[in-house]
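One structure is given here, and the rest of the page talks about it.
Numbering (this note's numbering), first residue to last: 1227 to 1482.
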C-alpha cells in the first residue's frame, strides 16, 4: 500500500510535496540519512585527516592553492559518491512507497547498478545548467527546473542518457513555477541550516573540541542532502501522479 497522499490525475501541489518529503524524512530518518552518510564518509575522513576541514573554516582563502594538486581527483570522487547516494535515496523512497522496510544494503546495491547512467545523465544536466547560468543566469535556472527530476527518471525508468533529460523536461512542463517555488524553499532551508552550522562550527574548529565542529558540520550536511534528495524523488512521484494518472504503487512496481 502506498504511503503517499496521492493526487492521481490532479494538480501538482508544492505543499503536498513538501509535506510528504518531511513525513518520509522523519519516518525513515535513520536509514536514509545513514545511506547518505555512508557515501559522504570517505571524503569526510580524508578532509579531516588532510587538514582540509580545518583550513576551510579557519582560512578558506588558502584552500584552493594548498590543495590544488588534488582538486581534480577530489571532484571526481565527490561526484561519483554524490550521484551514488542520490540513486540510493531515490530507491529508498520508493521502497517506502510500497510500505517495505528500507534495506541499506539493497539501496546501495541498486545505486551501483544504475551508477553509470545516473552519473552521465546528471553530469550532462549539470553542464547544460552551468552553461545557461554563465550565459544569462535565467536559462540556467530554467534548465535546473527542467532537469529537477532527472535522477529519479534514470533510477525508475532507465530510458537512456539523453532521453532521461527529455523525460524530466516533459514531466516538469506545466508545473515549472511550482517547482521553482519548491527549489527556492529548499535552497532557503539549506542556506539557513548552513549558516547555523558554520556559526557554531567556527567556535570549535582548531580547538580541543574540534570533534564537535566535525560532528555538527557532518550532521547538518547529511540531513540537508538527504532532504534535497527526498524532495527530488517525491516531486517525480507527484508529477507522474498528477500528469499521467499513475499511482505511486504502480511507479514502484518496476522494482518488484
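Glycine is no exception: its CB is placed at the ideal position from the N, C-alpha and C atoms. Source: prediction; values computed, not measured.
| field | Terminal residues of the alpha helix (DSSP H) in which residue 1266 lies | value | For residue 1266, the uninterrupted alpha helix (DSSP H) segment begins and ends at 1255 to 1276.
| request: Taking only the alpha-carbon atoms, compute the straight-line gap between residue 1408 and residue 1428 and give it to the nearest angstrom. | output: The alpha-carbon atoms of residue 1408 and residue 1428 are separated by roughly 30 Å.
| Under a three-way DSSP split, which group does residue 1461 fall into? | The answer is helix: DSSP assigns residue 1461 an H, G or I state.
| Exposed or buried, which one is residue 1277 when buried takes at least 16 other CB atoms within 10 Å? | A residue is called buried once 16 or more other Cβ atoms fall within 10 Å of its Cβ, and residue 1277, having fewer, is exposed.
| According to the neighbour-count rule (16 or more other Cβ atoms, all chains shown, within 10 Å of its Cβ), is residue 1275 buried or exposed? | Counting the other CB atoms within 10 Å of its CB gives residue 1275 a total below 16, which places it among the exposed residues.
| task | Put residue 1447 into one of helix, strand or coil per three-state DSSP. | result | Three-state result, residue 1447: helix.
| To the nearest angstrom, how far is it from the Cα of residue 1354 to the Cα of residue 1328? | About 33 Å.
| query | At a cut of 8 Å, does the segment 1333 to 1348 reach the segment 1385 to 1396 through at least three beta carbon pairs? | reply | Output reads yes: the segment 1385 to 1396 touches the segment 1333 to 1348.
| How is residue 1373 classed by DSSP in three states: helix, strand or coil? | Coil at residue 1373, not helix or strand.
| said: Let me make sure I understand the geometry here. Which of 1246, 1362, 1309 and 1366 has the alpha-carbon closest to that of residue 1340? | reply: Residue 1309 is the option with its Cα nearest to residue 1340.
| Using a Cβ-Cβ cut-off of 6 Å (strictly less than) and excluding sequence neighbours within five positions of residue 1321, which residues of its own chain qualify? | Hits under 6 Å: 1328.
| request: Kindly list the residues whose CB is nearer than 6 Å to the CB of residue 1366, restricted to its own chain and excluding five residues on each side of it in sequence; keep chain order. | output: Around residue 1366: 1355, 1358 and 1359.
| said: Taking 7 Å as the cut-off, is the C-beta of residue 1456 nearer than that to any heavy atom in the ligand PLP? | reply: Absence of the ligand PLP is noted for the structure shown, with no ligands found whatsoever.
| Taking just the CA atoms, how far does residue 1449 sit from residue 1419? | Cα to Cα, residue 1419 sits roughly 10 Å from residue 1449.
| task | Since I believe residue 1369 is in contact with residue 1336 (beta carbons under 8 Å), could you give me their beta-carbon distance rounded to a whole number of angstroms? | result | About 27 Å separates the Cβ atoms of residue 1336 and residue 1369, ruling out a contact at the 8 Å cut-off.
| From 1262, 1352, 1295 and 1381, residue whose alpha carbon lies closest to that of residue 1459 | Considering only alpha carbons, the answer is 1381.
| If you draw a straight line from the alpha carbon of residue 1443 to that of residue 1343, how long is it in whole angstroms? | Residue 1443 and residue 1343: Cα-Cα distance of roughly 30 Å.
| What are the boundary residues of the alpha helix (DSSP H) that includes residue 1409? | 1402 to 1430 is the extent of the alpha helix (DSSP H) around residue 1409.
| query | Going straight from the alpha carbon of residue 1482 to that of residue 1465, what length do you get? | reply | The straight-line gap separating the alpha-carbon atoms of residue 1482 and residue 1465 is approximately 21 Å.
| task | Mark residue 1479 as exposed unless 16 or more other C-beta atoms lie within 10 angstroms of its C-beta, in which case mark it buried. | result | Exposed is the call here.
| With burial defined as no fewer than 16 other Cβ atoms inside 10 Å of the residue's Cβ, what is the status of residue 1361: buried or exposed? | Residue 1361 is exposed by the Cβ-count criterion.
| said: According to DSSP, simplified to helix, strand and coil, what is residue 1241? | reply: In the structure shown, residue 1241 sits in a helix (DSSP, three-state: H, G or I).
| query | Taking all protein chains shown into account, do 16 or more other C-beta atoms lie within 10 angstroms of the C-beta of residue 1302, making it buried, or fewer, making it exposed? | reply | So residue 1302 counts as exposed.
| task | Evaluate residue 1295 with the Cβ neighbour count: other Cβ atoms within 10 Å of its Cβ, from every protein chain shown; 16 or more gives buried, anything less gives exposed. | result | The residue is exposed, with fewer than 16 neighbouring Cβ atoms inside 10 Å.
| request: Kindly indicate which residue of 1469, 1476, 1477 and 1462 has the alpha-carbon position closest to the one of residue 1246. | output: Among 1469, 1476, 1477 and 1462, the Cα nearest to that of residue 1246 is on 1462.
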